[in-house]
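What follows is a set of notes on a single structure, which appears directly below.
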Amino acid sequence: MGRRFSQNLVLVFALVTVASGHAILIETTPAANATVTGPVVTLRLRFNSRIDAARSQLIVVLPGSRSRKLLLQPQPSPDTLISRAGGLTRGTYKLRWQVLADDGHITRGEVPFKVN
Amino acid sequence: MLTQLLDVFGFLSVLLRGGALALQSLVLGGVLFRCWVLRPAQGLWRDKGIAQSCRRLTFWSAMGLAIMELFYVFTSAAILMGTTGLTMQDVVGAHFFIAGVAAAGAAAIVVAAITRPKHVSAVLLAASVVILSAFVMTSHAAGRMEHRPMLIGLTAMHQAATAAWIGGMPYLLLALARSREVRTAQFICRRFSRLATLSLMVLVGAGWGMSLVYVGSADAAYGTTYGVMLVSKIVLLSVLLVLGSLNFLIVCRLPVDAAGSLPCLRRFAEAELGIGFTLILAAASLTSQPPATDLISGRVHAAEIAARISPRWPRLVTPDRSALSPASALDWSPYGTRQSGLQSFVPGASLHANGPGDIAWSEYNHHWAGLIVLSAGLLAVMARSSHAAWGRHWPLAFLGLAVFLFLRADPENWPLGPRSFWQSFAVADVLQHRLFVVLIVAFSIFEWTVQTGRTFGRAALVFPAVCAAGGALLLTHSHSLGNVKEELLVEVSHIPLAILGVTAGWARWLELRLPSDRPRYILAGVWPVCFVLIGVVLLNYRES
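Residue numbers (the working numbering), protein chains in the order written: chain F, 17 to 132; chain G, 689 to 1232.
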């Protein structure tokens, strides 16, 4: 009981700072709810802020809720993340992103899209 | 579990950022006060206690800053590692990590150096520059794509000027309280007044420059949370300018009537200090918002605001509890929501939309709360007349408000809803509401004992302190990262409440503290009117 409480306490304090944040997604390829042609899809996300790509991540959620972490390509611009997802067959997908902005804020979100 | 806890403590991050900014201002303000005000006066005075008191405040502020920065860095690192699978080695190169460790290290140098009596000014100034740079590195300016060098410069100037003026105020108060000789106090006031005037010009100029980039247009100023928060900062700054101008006039009169003017100056400086730190909290709130210029879609139009604030008869009949949306699960996850389009959210943030029943419930609560506050305000106005002395029992109305809020504010929770008393604390909004209930109870009891002559002295300051703190807390309430229109429209009514609360608190503070009768008589009329206005704003509160 005591140990669980102290673990929770550490977790609580460990979570405080994430909640402030302000990197917002300006545009994506594919666009939200867009339909693209597979099986290889180039994913591009542009934010309103410089992004620390080395400490950010993109995950594609496959049909059936399995997920795959994507490898990020070199940034064409400090506010943009790019990756290529291969083997995407016909179906509905979600691109989950989490970014660390250069000002230290962590933000996350998701972009749903379809592959035909 | 993770998102649930984030949701609970989400709003605390703004308070923590505000705390860090306040400590930064105190450290930098202390160093500048030492170099600009105290050092030139060294040969003049015999009041050794002044320097000692100022050193002590800088010491503890720097100690607090070092601890808070390390806390920030390591918790952020833990989160990043926990959510991305990075190792500590990967995280140490991040900007926030470097900035946080640098600020903590520089604050530690201030702690070590400030206790040494001589030859430390250069060290203190160098450490201050490092602290300032570290904060600028984690500001909006550091992440911008356009005008980055200019914005970094303006942010540095804005923060340095804030530190010199607002951060220097506690040192001025300490110095005046410790001054045994009038000429020492006069010298300190003159020197600080020059520093504050210069700082004000830099602060406003840099702030204006930043707002041109971050806001850019009138519709962004009222149509986004960032813009509305910035407007609230400008309103608070205007109140601060009035107090600053009064102090400036007093400083000009010092050679004529130092003994009579100095107590007034100290009291106005107390209010200036309080409102100044409220401004810093508002600034911290701004750092958690995306700049207004980045939010092209989802802005609120003037017509929508006008429609929302146009007077309408209050809702005084409660909707049935069955009309409310079912209680959301505590392990709710933002992923998998039905909302389409580009979504950005802070982990733990809610995207849950209110139904008509929820809106009716909330409006009913706000309108009855408004009636109670309006009644208290009118009673307080009447209590000024000798014919209605019974009006002095007005604080008891707030006990009713506390009970009402506790029972009605969160119908998903005990005693009305399915969540138990302790479970309810796992929801951010509920936690905030319960905090406000405690504040209201404390306020009403203390103020009733004061108004009825049961308590004297410092206890009377509880009401203004609680009132001003409540207003400041309200500035941090409800922050939507995605700037959902509805949340902004709610915020449009919350911000006037916050500003009126802060004004009421400091007006009452000055009424109690000022030595002369005439300004006290005027101020005694200000805070009851603020209460009446708060009641009116609440009575017209709407969510649809």
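All C-beta atoms in this analysis are idealised placements derived from N, C-alpha and C, irrespective of residue type, glycine included.
The three-state secondary structure of F/G107, taken from DSSP, is strand. Looking from the CA of G/L1084, the closest CA among G/G893, G/V1061, G/S1074 belongs to G/V1061. In its chain, beyond the 5 residues on either side, L1127, G1193 have a beta carbon closer than 8 Å to the beta carbon of G/A1157. Between F/L74 and F/L41 a beta carbon distance of about 12 Å is seen, past the 8 Å cut, so the two are scored as non-contacting. In the DSSP assignment, F/E126 falls within the beta strand (DSSP E) that extends over 122–131.
By the criterion of a C-beta distance shorter than 7 Å, G/S949 is surrounded in its chain by I938, R941, L942, once the five residues flanking it on both sides are discounted. What F/L111 touches in chain G, judged by beta-carbon distance under 9 Å, is nothing: the nearest beta carbon there is about 11 Å away. Sequence-distant partners of G/Y1229 (beyond 5 residues in either direction) whose C-beta falls short of 6 Å from its own C-beta, in its chain, are H1054, S1181. With 16 or more other CB atoms across the displayed protein chains lying within 10 angstroms of its CB, G/L704 is buried. For a Cβ distance threshold of 7 Å, residue set D119 of chain F lies close to G/H828, ordered along the chain. The beta-carbon of F/N132 is placed no less than 8 Å from the nearest beta-carbon of chain G.
Look at F/R71: its C-beta is under 8 Å from a C-beta on chain G.
For F/A50, the enclosing beta strand (DSSP E) begins and ends at 50–52.
Sequence-distant partners of F/T96 (beyond 5 residues in either direction) whose C-beta falls short of 6 Å from its own C-beta, in its chain, are R62. Shown here, G/S985 sits in coil according to DSSP, grouped into three states, outside any helix or strand. Scanning the segment 786–869 of chain G from its first residue to its last, the whole alpha helix (DSSP H) runs of 4-plus residues come out as 809–825, 828–831, 836–850, 857–866.
Here F/W113 is bridged, per DSSP, to F/L74, F/G125. G/T775 sits close to G/M769, with the two beta carbons spaced by under 8 Å. For F/R66, a Cβ of chain G is located within less than 8 Å of the residue's own Cβ. CA-to-CA, the gap between F/Y109 and F/I98 works out to about 17 Å.
Using beta-carbon distances, G/F784 counts as an interface residue toward chain F, with a partner under 8 Å.
Taking all protein chains in view, the Cβ of G/V1005 is surrounded by fewer than 16 other Cβ atoms within 10 Å, so the residue is classified as exposed. The DSSP assignment places 1084–1096 as complete runs of the alpha helix (DSSP H) inside the segment 1055–1119 of chain G, in order along the chain (cut-off: 4 residues). Where F/F63 is concerned, the enclosing beta strand (DSSP E) starts and stops at 57–63. Residue environment analysis places F/V115 among the buried positions, since at least 16 neighbouring C-beta atoms fall within 10 angstroms of its C-beta. By the Cβ-count criterion, G/H783 is buried, with 16 or more other Cβ atoms from all chains shown falling within 10 Å of its own Cβ. Below 8 Å, enough C-beta pairs join the segment 1182–1201 of chain G and the segment 961–979 of chain G to call them touching: three or more. DSSP places F/L97 inside the beta strand (DSSP E), whose first and last residues are 96–101. Of all residues in the segment 71–94 of chain F, the ones placed with a Cβ closer than 9 Å to any Cβ belonging to chain G are R71, S72, Q73, V77, K85, S93, P94, in chain order. From the beta-carbon of F/L59, no residue of chain G is found nearer than 9 Å; the closest lies around 14 Å away. Where F/I67 is concerned, there is no enclosing alpha helix (DSSP H), because DSSP gives it neither an H nor an E.
Against chain F, the beta carbon of G/L774 has neighbours under 7 Å at R71, listed in chain order. Sixteen is the threshold: since fewer than 16 other Cβ atoms of the shown chains lie within 10 Å of the Cβ of G/L900, the residue is exposed. Shown here, G/R1142 sits in coil according to DSSP, grouped into three states, outside any helix or strand. Legend: CB atoms of the segment 901–923 of chain G lying less than 9 Å from CB atoms of chain F belong to residues Y914.
The C-beta distance from F/V131 to F/L104 rounds to 5 Å, short enough to meet the 8 Å contact threshold.
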